[in-house]
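Notes for the one structure printed next.
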Amino acid sequence: MRVANRKCIYRLAFKNLQAAKLRNLITVLAVALTTILFTTLFTIALSMVENFQQSNFRQVGTYAHGIFKELTKEQFDELKDDPLIKEWGLRRIAGLATDDVFNKSQVEVSYMDENYAKFGFTTPAVGHLPEEGTNQAATDLKLLSLLGVEPELGNEFTVTIDVDGTETTETFTLCGYWEYDEVTVANHIVMAESRLDEILEKCNNQNRNGRTGSYQLNVMFRNASSIENDLKTVLKKHGFQNDEVGKDNYIKLGINWGYVGAQLFDSIDFSVILGIIVVVILIIFTGYLIIYNIFQISVAGDIRHYGLLKTIGTTGKQIKKIVRIQSLLLSGIGIPIGLLLGYGTGVLLAPVVIGAVSNNDSIYYASVSANPAIFIGAALFSVITVLISCRKPSKMAGKVSPIEALRYTESDSLSKKRKVKKVSRKGISIFSMAFANMGRNRKKTFVTVLSMSLSIVLFTLTVILSNGFSMEKYLSNMISTDFIVADASYFNVRMHWGDRTPVSDDIVALLENMDGITGAGKTYGEADFFVYDFIEEDYIRSGHLSRYYSAEDIEHYISSMPREGNQILNEIDIYGMDEFCLDELKVWDGDISRLKTEENVIAAVYFEDDYGNMEDWTNWAKVGDTVKIRYSRETEYYDTQTGEIYEADNLDSLPATASISKRPKEGTFKDMEYEVAAVVSIPTSLNYRFYANEQFVLNSEQFIRDTGTSVPMYYTFDMVDDEAVKQDMEHFMADYTNNVDPSLDYESRYTYAGEFESFRNMFLLMGSILSFIVGLIGILNFLNAVLTGIITRHREFAMLQSIGMTGKQLKKMLVLEGLYYTLGSVVISFILAVTISPSAANVVENMFWFFEYHFMITPLFITVPIFTLLGILLPLISYRFLAKKSIVERLRETE
Amino acid sequence: MAILSTTNLKKIYGNGENAVHALDGVTLSIEPGEFTAIIGTSGSGKSTLLHMLGGLDRPTSGSVTVDGKDIFSLKDEALTIFRRRKIGFVFQNYNLVPVLNVYENIVLPIQLDGNEPDAAYIDNIIETLGLSEKLSNLPNNLSGGQQQRVAIARAIASKPAIILADEPTGNLDSKTSQDVLGLLKLTSKKFSQTIVMITHNEEIAQLADRIIRIEDGKIVTRENM
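If you read the sequences in order, they're chains A and B.
Note that this note's numbering has the first sequence beginning at 16, numbered continuously upward.
Note that this note's numbering has the second sequence beginning at 2, numbered continuously upward.
Below is the structure:
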């Protein structure tokens, strides 16, 4: 039966709330603090995800979901208005700019409509996109500076464009520009479509490569959940397909991989996600401890009230509802406050965390997320925490028997359990009385002590863990020499020294003449040639490829590889190292010094995992083996079935079914044989910084002689052990690579030490903030426990005073109670810290190879004085509430 | 010489039009060993008088002398100490400390004073009040009558000059009331205590040596039994 009693229940809940202002304040604060924790966490996490995605989009060059490539005008008109497509943008390319100043950049000259520019981050920040029928163009600031043109609207600039094989020189009037984004691959010049058509006609464009002048349709769907499917559905609807390359109705597709979820999880460590889950559980637990405690205490205090309600006919269900409504009303105030403050904290912390987590440049920090999901999620989790927390107290209130409730005193539960011990004639003291009082509401005492301990433990763990990050271990693995200087691309994880630019002679000459350098050397890298070794088929089946590909794929791969006799030609990477660099190698087996004295000896490179263990699948050669290497100036593409040779230019036009492979071109190669003198590992800072093939090291003379090239990849050196000299060098390098030759970059112990410090500081900062807020919650819980302990006992205290307890003795008893809480927290914290920290350290050690566990007790002792002070002060402050009323007033009060 | 006396004791709550004269010039004197009942209807001012006698509340004017000492000349802290040495309280709702057992409750005032209880004397009290079997029980496990007996033991334990009892039987049924009161009277005789008891119950008051009737803050009659 439903009774229209909602109003009545709400009124009761509301009136109950009004009766306990202080308790409400504490509850609201508790809910707000819990919400702050959730909001901050979610802000950081979502900002991380969004910045990661944004970084991907910037790399890809667009945030459009997908692209239909190389369309004709008819195809474009047909597809663009499909109802599945929510928004579309158009681009047509004229070609790449070929001016000398652009030899390090890719400059794409094209027409873009407004949407395409918007998707691709090329909407002018100043000015506007070109107008039709004019020779206006918009571009970025870096391109203008390369051309030496002032960024002023109306200025003219001239570039040479390769239009389908025909070069043409065009002059544009600047109508808009934007900041260049370091992350993106290409620079853009955007012109009007009318101008594009003019240029195409002038150059007699045949669109031989399929791209020049054709229509590129970038599209946004309703959401990013099934981009590939959506693209194909659109094609199918209009009679096109993407499966058979040769056929007429084939259309090329592109999916923005920035949206692919898996990418995110590859890059953001699983450990980060695990960390977030752990923190969420921790916050729920922290919130539970205080909110549960507040309601538990208040229900215990109001139990007679609930008994009375029951006597006059309120059902258990209704009483439960009254408690729940109270908690939700208070959440209604606490949660918005928490969301606001939490977002503020998140905004401050997100850049720090993202900066420290993405030490491999996978995320470029741009902005803090303002996703509504943060607020919805945080609010939801807070409400869940509140509901979980008042489940038991509301049950307790609902279950109360009216008769029992009238007899109920706080120590009820205890009296039944306490053993009847032999009467000791010792009687009591203030100490034992205070101690006995701790047992009145054991739940309250336990939960309060646990809640206080939580922050101490967290803080202790934070300090232990952040102290465990060993700079020495980190540096020894990250960098082995004091300084390395190279072309900037060498240090860029996305380029891997991709443009093969040598470290400039100028800087090497400068450095060679500088004081304080104790040893130096170059390492030569592969440029303008290809290297192969000769291996057995079986090695491919068991080598590194087998770790990434299925047996079937590997067989396919083997069948497509170039052969000589029964051996396979396998691409490798080689180094030519000066003696200084050879000395930096870690030797697992053999004698590396033979490379300095003997000819035709080689070192086989094996990689190490982060913990310094040799990964034996990364090479095949052992000491004493003979390695036969083929150096080739050129390669050629050929059909593995027919043996037909193709020009590299024609590869695009081949049917997808053709089995094409690459091999050294006849007449451009020579073979050499070496004996493996040593098995080594190269420190990460000194290798190619990627692993794709087996790697070998020669000494530099042999390298130069055998490869016929001498392109130094980097120059590295150690310095005298004098901080001042190193500092000077650091300044010199920073200045040189920023101002004199920006194409250069360098790394030093300082760079890595800085990186390490910022990581450790982030850890310490996050941990401290978490401990601080959890600590606040613990203190709030403590305050609540002390306050309610005093309020519920105010009559008892009046009685004690009437039989002769002085105010001083009463205060002493209350302070002792406070100190017992402190003592309990310290003891529990100590036990928890000792038991938890080894396993926490274990987890962290598995996540971060540069972690070394040392147990520390100091942080725990740092918190002792703080909590002792609180243990004294909070009871004294709370006592003032009590002392406001006279003994007689309190004695007279009958609940 | 009177062990307890008051002179023109007044207590006024509020002021002007709203002034309530809870006590309106009470003068009385009680001799050692006397068992006095103060009787009056609710609101007559009898509880206020008891609180004044015990030094729990300060009067607007007038004085209270206990054992020759004007108690309101003492500061709060000193008054509390004086109280625990000279005055024992028995309340209507027993007011025992729930976390302490019976024995601990009884010796609490003595130990609050930093003294060791007189074991023989305490045993005697316990024996007299029939609490020997209950010493390690917590108050919640006792019946109302038992709890009030513990309260009486506590009041007597510190050998006070007077015992003030505020409706000591108010929460008890009539049979238990008679028992408790009998014990109160017995112990007061045995340990030669002076008792001042408040009650609104005529029948109970009849057990006293002397009855003081109070109405509207004034003493209306004094009768010796």
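Glycine included, every Cβ here is placed at the ideal spot set by N, Cα and C.
Among residues of its own chain, excluding the 5 on either side of Ala501(A), which ones have a beta-carbon nearer than 8 Å to its beta-carbon? Against the first sequence, residue 501(A) aligns to sequence position 486. Apart from the 5 residues on each side of it in sequence, Ala501(A) sits with its Cβ closer than 8 Å to the Cβ of Trp512, Val518, Met728, Tyr729, Tyr730, Leu759, Asp760, Tyr761 in its chain, given in chain order.
Where does Glu681(A) sit, in a helix, a strand or coil, going by DSSP? As a working mapping, residue 681(A) is identified with position 666 in the first sequence. Residue state, collapsed to three classes: coil.
Helix, strand or coil at Asp750(A) according to DSSP, with G and I counted as helix: Taking the first sequence and counting its residues from 1, the one referred to as residue 750(A) is at position 735. Asp750(A): helix per DSSP, three-state reduction.
Helix, strand or coil for Tyr730(A) per DSSP? Sequence index remark: in the first sequence, residue 730(A) carries index 715 (1-based). Under the three-state reduction of DSSP, Tyr730(A) is assigned to strand.
What residues from chain A crowd round Leu1(B), counting only those whose CB sits closer than 7 Å? Chain B is shown only over 2 to 226; residue 1(B) falls outside these bounds and no answer can be derived.
Can the beta-carbon of Tyr192(A) be found closer than 9 Å to that of Ile242(A)? The residue you call residue 192(A) lines up with position 177 of the first sequence. The residue you call residue 242(A) lines up with position 227 of the first sequence. No, Cβ-Cβ distance for Tyr192(A) and Ile242(A) is not below 9 Å.
Every unbroken alpha helix (DSSP H) inside the stretch 42-100 of chain A [4 residues or more]: Listed in chain order, they are 88-95.
Measuring CA to CA, which of Ile499(A), Gly225(A), Gln69(A) is closest to Glu599(A)? Working through the first sequence from its first residue, we reach residue 599(A) at position 584. Comparing Cα positions, the closest option is Ile499(A).
Taking the alpha helix (DSSP H) that Met448(A) falls in, what are its first and last residues? In the first sequence, counting from the first residue as 1, residue 448(A) sits at position 433. Residues 445-453.
Return the first residue and the last residue of the alpha helix (DSSP H) that Arg720(A) is part of. Mapped onto the first sequence, residue 720(A) falls at position 705. Run containing Arg720(A): 715-722, per the alpha helix (DSSP H) assignment.
Anticipated Cβ contact below 8 Å, Ile312(A) with Met828(A), distance rounded: In the first sequence, residue 312(A) corresponds to position 297, counting from 1. In the first sequence, residue 828(A) corresponds to position 813, counting from 1. Ile312(A) to Met828(A), Cβ: 19 Å. No contact.
Mapping the DSSP letters down to three states, classify Arg775(A) as helix, strand or coil. By one-based count along the first sequence, residue 775(A) stands at place 760. The three-state reading of DSSP puts Arg775(A) in helix, counting H, G and I together.
Would Asn932(A) be called buried (16 or more neighbouring beta carbons within 10 Å of its own) or exposed? Not covered by the structure: residue 932(A). The range shown for chain A is 16 to 910.
Please list the partners that Ser341(A) has in chain B, where partner means a Cβ-to-Cβ separation under 8 Å. Along the first sequence, one-based indexing puts residue 341(A) at 326. Inspection of the sequence shows that residue 341(A) is occupied by Gln rather than by Ser. Below the 8 Å Cβ cutoff, chain B contributes no neighbours of Gln341(A), its closest Cβ being approximately 27 Å away.
For Thr538(A), count neighbouring Cβ atoms within 10 angstroms of its own Cβ and tell me buried if that reaches 16, exposed if not. For the purposes of this step, residue 538(A) is taken as the residue at position 523 of the first sequence. Buried: at least 16 other Cβ atoms inside 10 Å.
Of all Cβ atoms in chain A, is any one closer than 9 Å to the Cβ of Asn96(B)? Stepping through the second sequence from its first residue, residue 96(B) is reached at position 95. It does: the Cβ of Asn96(B) has a partner Cβ on chain A nearer than 9 Å.
Looking only at DSSP bridge pairs, what is Tyr653(A) linked to? For the purposes of this step, residue 653(A) is identified with residue 638 of the first sequence, where counting begins at 1. Paired residues: Ile660(A), Ser676(A).
Interface residues of chain B facing Ala451(A) [CB-CB closer than 9 Å]: Residue numbering aside, residue 451(A) sits at position 436 when the first sequence is read from its first letter. Neighbourhood of Ala451(A) in chain B, by CB distance below 9 Å: Val98, Val100, Leu101, Glu105, in chain order.
Under a three-way DSSP split, which group does Arg808(A) fall into? Numbered from 1 along the first sequence, position 793 holds the residue referred to as residue 808(A). The DSSP-derived three-state label of Arg808(A) is coil.
Grouping DSSP H, G and I as helix and E and B as strand, with all else coil, what is Cys596(A)? Mapped onto the first sequence, residue 596(A) falls at position 581. DSSP, read as helix, strand or coil, puts Cys596(A) in helix.
Distance, Cα to Cα, Lys432(A) vs Gly302(A)? Along the first sequence, read from residue 1 onward, the residue named residue 432(A) stands at position 417. Along the first sequence, read from residue 1 onward, the residue named residue 302(A) stands at position 287. Any answer about Lys432(A) is weak, because its pLDDT of 42 lies below 50 and its placement is not dependable; what the coordinates show is given next. Near 30 Å, if we compare the C-alpha coordinates of Gly302(A) and Lys432(A).
Quick one: residues in its chain with C-beta nearer than 8 Å to the C-beta of Arg515(A), no 5 flanking neighbours on either side, listed in chain order? The sequence position of residue 515(A) within the first sequence is 500, counting from 1. Hits under 8 Å: Gly540, Glu541, Ala542, Asp543, Val726.
On the DSSP bridge assignment, give the partners of Ile105(A) in chain order. Sequence index remark: in the first sequence, residue 105(A) carries index 90 (1-based). Ile is not the amino acid found at residue 105(A); the sequence shown has Leu there. Answer is Leu232(A).
With 16 other Cβ atoms within 10 Å as the buried cut-off, status of Tyr489(A): Taking the first residue of the first sequence as position 1, residue 489(A) is located at position 474. By the beta-carbon neighbour count (other beta carbons within 10 angstroms, threshold 16), Tyr489(A) is buried.
Can you look up Thr181(A) in the DSSP assignment and give me helix, strand or coil? As a first step, residue 181(A) must be located in the first sequence, where it is residue number 166. Assignment of Thr181(A) by DSSP, reduced to helix, strand and coil, places it in the strand class.
Span separating the alpha-carbon of Gly63(B) from that of Phe882(A): Taking the first residue of the second sequence as position 1, residue 63(B) is located at position 62. Taking the first residue of the first sequence as position 1, residue 882(A) is located at position 867. Each residue's alpha carbon lies about 48 Å from the other.
How far does the beta strand (DSSP E) with Gln14(A) in it extend, from its first residue to its last? No information on residue 14(A) is available, as it lies outside the stretch 16 to 910 that chain A covers here.
What residue does the beta strand (DSSP E) around Ile532(A) start on, and which one ends it? To locate residue 532(A), count along the first sequence from 1; it is residue 517. Going by DSSP, Ile532(A) is part of the beta strand (DSSP E) stretching over 532-539.
Would you identify the three-state DSSP class for Asp71(B), choosing helix, strand or coil? As a first step, residue 71(B) is located in the second sequence; it is residue number 70 there, counting from the start. Of the three classes helix, strand and coil, the one that applies to Asp71(B) here is strand, per DSSP.
Which ranges does the beta strand (DSSP E) cover as unbroken runs of at least 3 residues, wholly within the stretch 598-639 of chain A, from first to last along the chain? Within the stretch 598-639 of chain A, the complete beta strand (DSSP E) runs of at least 3 residues are 601-605, 616-620.
So, with DSSP's three-state summary, where would you put Asn142(B)? Translated into the one-based positions of the second sequence, residue 142(B) becomes position 141. Helix at Asn142(B).
Count the other C-beta atoms from every protein chain shown that fall within 10 angstroms of the C-beta of Cys23(A), then say buried if there are 16 or more, exposed otherwise. Within the first sequence, residue 23(A) is the residue found at index 8, counting from 1. Within a 10 Å sphere around the beta-carbon of Cys23(A) sit fewer than 16 other beta-carbons, which makes this residue exposed.
According to DSSP, simplified to helix, strand and coil, what is His571(A)? The residue given as residue 571(A) occupies position 556 in the first sequence. If DSSP states are grouped into helix, strand and coil, His571(A) belongs with the helices.
Three-way DSSP call (helix, strand, coil) for Phe136(A) in this model: Sequence index remark: in the first sequence, residue 136(A) carries index 121 (1-based). Taken through DSSP and simplified to helix, strand or coil, Phe136(A) comes out as coil.
My parser needs the beta strand (DSSP E) runs of 3 or more residues fully inside the stretch 461-523 of chain A; what are they? The qualifying runs are 498-502.
Other residues of its chain near Val602(A): CB distance less than 6 Å, five sequence neighbours each side excluded: For the purposes of this step, residue 602(A) is taken as residue 587 along the first sequence, with counting starting at 1. These residues qualify, in order along the chain: Ala693, Val695.
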